[in-house]
Amino acid sequence: MREWTNGNLHVFLEPTATGDRLRLRTRKGSAMAVFAMGAAGLVIGLSLMTLFVLEDLGRASLVFPTLRGSRHWRHPRASA
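Per this note's numbering: the sequence shown = residues 278 to 357.
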């Protein structure tokens, strides 16, 4: 088997019973970055969804202990 590479291009020449097989492979350079951004977005979205569900159940302080005491950010004061 012979192999050549040039950047993202990979070329393989493999012997077979009836001759040779030529395989060409390429990879998009930004594919891993796009995958990482998608995974990060999924994790952030699931985290926010979990927080909103726990807040509706009154258990958000289990996730963020700073929310335990003050809830003034949720209901603004009525002006007198």
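Ideal Cβ positions, reconstructed from N, Cα and C, are used throughout, including at glycine. These figures come from a predicted structure and were not determined experimentally.
Contact annotation: the region 279 to 290 touches the region 298 to 305, with at least three C-beta pairs closer than 8 Å. The straight-line gap separating the alpha-carbon atoms of G306 and G322 is approximately 26 Å.
T282 is bridged by DSSP to H287.
Relative to the Cα of G296, the nearest Cα in the group M278, M309, V311, N283 belongs to M278.
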